[in-house]
Amino acid sequence: MIIFAAALAFGFFLLTNSLQAAEAKDAGHGAASHAGPTNPNSIDSALKALKEGNARFAAGQATYPRRDKEVLAKLAKEGQTPLAAILTCSDSRVKEDNIFDQGIGDIFVIKVVGAIPGVNEVGSLEYAVAHLGVPVVVVLAHTQCGAVTAAVTGAKEPGALGEALTNLNPVVKAVEGLEQSARLDAAIKLSASMFREKLQMVSPVIAKAVKEGRLKVVSGVFDLATGVVTFNE
Ligand SMILES: [Zn+2]
1 MIIFAAALAF GFFLLTNSLQ AAEAKDAGHG AASHAGPTNP NSIDSALKAL
51 KEGNARFAAG QATYPRRDKE VLAKLAKEGQ TPLAAILTCS DSRVKEDNIF
101 DQGIGDIFVI KVVGAIPGVN EVGSLEYAVA HLGVPVVVVL AHTQCGAVTA
151 AVTGAKEPGA LGEALTNLNP VVKAVEGLEQ SARLDAAIKL SASMFREKLQ
201 MVSPVIAKAV KEGRLKVVSG VFDLATGVVT FNE
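Counting from 1, one number per residue, gives the positions in the sequence shown under my numbering.
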């Protein structure tokens, strides 16, 4: 028991140390980290970059910038200052760097079934906000989402997937009265805005950054057919 406790404590020590080292590297200002993260992007410039990037992608004019090894080497040396953190669905057709026409180090992505913010996802977003100073968090849903479809149609999924989908119950309930044809799209849009609100309710870190004007949390829906992201600010 003592050995187990010691091993656990040592493991925690290692984790704490490696996290601190990673943060110093990420911020690129290890000694000044108490003054808060330095991120050159503002709320307005970040939203503009996302919208313009998506417009290029949807028009078939994506430039696919900052994708090479030299960019990565530079970021490894200087640290990352992404312009946004995006919580989105694990769907393989939702490719954030492509649909916003951004490159390595530009977008901090958390992908999970249905873009559902559980404790690990919220923790990841808090890291991006508190330690990398991202000015924008986007909760991005997408059309034809399998997770939302399963929830809306009442599909019974076994195991952890079924449990995860119960997080969509309030969304399902809210769209119950709608025509069946409109129900799925409404649920998809609503899921993103509900989770956007939830982030600010469950996370004091996110709520404080919003209150202090350092962060804007928005939601959006990515249309698989057109490539267009419609933001809901
Ligand atoms: Zn999905």
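The beta carbon of each residue, even a glycine, is placed where N, CA and C say it ideally should be.
Which residue wins for smallest C-alpha separation from E179, given the options A164, P204, G123 and V152? For E179, the nearest C-alpha among the options comes from V152.
What is the rounded straight-line gap between the Cα of N232 and the Cα of L161? Distance between the alpha carbons of N232 and L161: 27 Å.
For the beta strand (DSSP E) that contains I107, what are its first and last residues? Start and end: I107 to K111.
Heavy atom of ligand 1 less than 6 Å from the Cβ of D185, yes or no? Not so, every heavy atom of ligand 1 lies at least 6 Å from the Cβ.
Using a Cβ-Cβ cutoff of less than 6 Å, which residues in the same chain neighbour L75 once the five nearest sequence positions on both sides are dropped? G105.
Near A49, what residues of its chain come up, given a Cβ to Cβ distance below 6 Å and the 5 sequence neighbours on each side ignored? For A49, the CB contacts under 6 Å within the same chain, skipping 5 residues up- and downstream, are L83 in chain order.
Cα-Cα, which of E78, E52, P135 and K111 is closest to K211? That would be P135, whose Cα lies nearest to the Cα of K211.
Which first and last residues belong to the alpha helix (DSSP H) in which N169 is found? Run containing N169: N169 to A174, per the alpha helix (DSSP H) assignment.
At a cut of 8 Å, does the region 181-199 reach the region 128-143 through at least three beta carbon pairs? Under the Cβ criterion (8 Å, minimum of three pairs), the region 181-199 counts as touching the region 128-143.
Let me check you understand the geometry: is the CB of A225 closer than 6 Å to at least one non-hydrogen atom of ligand 1? Result no, Cβ not under 6 Å from ligand 1.
Kindly indicate the opening and closing residues of the alpha helix (DSSP H) around L50. Segment I43 to A58, the alpha helix (DSSP H) holding L50.
Do A115 and L87 have their CB atoms nearer than 7 Å? It is a contact, given that the beta carbons lie within the stated cut-off.
Looking at the secondary structure, which residues open and close the beta strand (DSSP E) in which V148 lies? Membership of V148 in any beta strand (DSSP E) is not indicated; the residue belongs instead to the alpha helix (DSSP H) covering G146 to V152.
Tell me whether A84 counts as near ligand 1, meaning its Cβ is closer than 6 Å to at least one heavy atom of that ligand. No, the Cβ of A84 stays beyond 6 Å of every heavy atom of ligand 1.
Answer yes or no: do V228 and E126 have a C-beta to C-beta separation smaller than 7 Å? In this structure, E126 does not lie closer than 7 Å to V228 by Cβ.
Whole-angstrom distance between A155 and A128, CA atom to CA atom: For A128 and A155, the distance between alpha carbons rounds to 34 Å.
Determine the DSSP secondary structure at T166, reduced to helix, strand or coil. Helix, per DSSP.
Backbone secondary structure at A21 - three-state DSSP: Confidence is the limiting factor: at A21 the pLDDT is only 46, short of 50, which leaves the residue's position unreliable and the question unanswerable from this model.
Would you mind giving the Cβ-Cβ distance between S203 and V122, rounded to the nearest angstrom? I have them listed as a contact below 8 Å. Rounded to the nearest angstrom, the Cβ distance from S203 to V122 is 5 Å, consistent with a contact under 8 Å.
Can you tell which of V221, N169 and D44 has the C-alpha that lies nearest to the C-alpha of C89? Ranked by Cα distance from C89, the first of V221, N169 and D44 is V221.
With respect to 6 Å, is the separation between the Cβ of A147 and the closest non-hydrogen atom of ligand 1 below this value? Yes, ligand 1 has a heavy atom inside 6 Å of this Cβ.
Assign K211 to one of three DSSP states: helix, strand, or coil. Note: K211 maps to helix in three-state DSSP.
Alpha carbons only, please: which of K216, A225 and T226 is nearest the one belonging to N41? Selected option, being the one with the closest Cα: K216.
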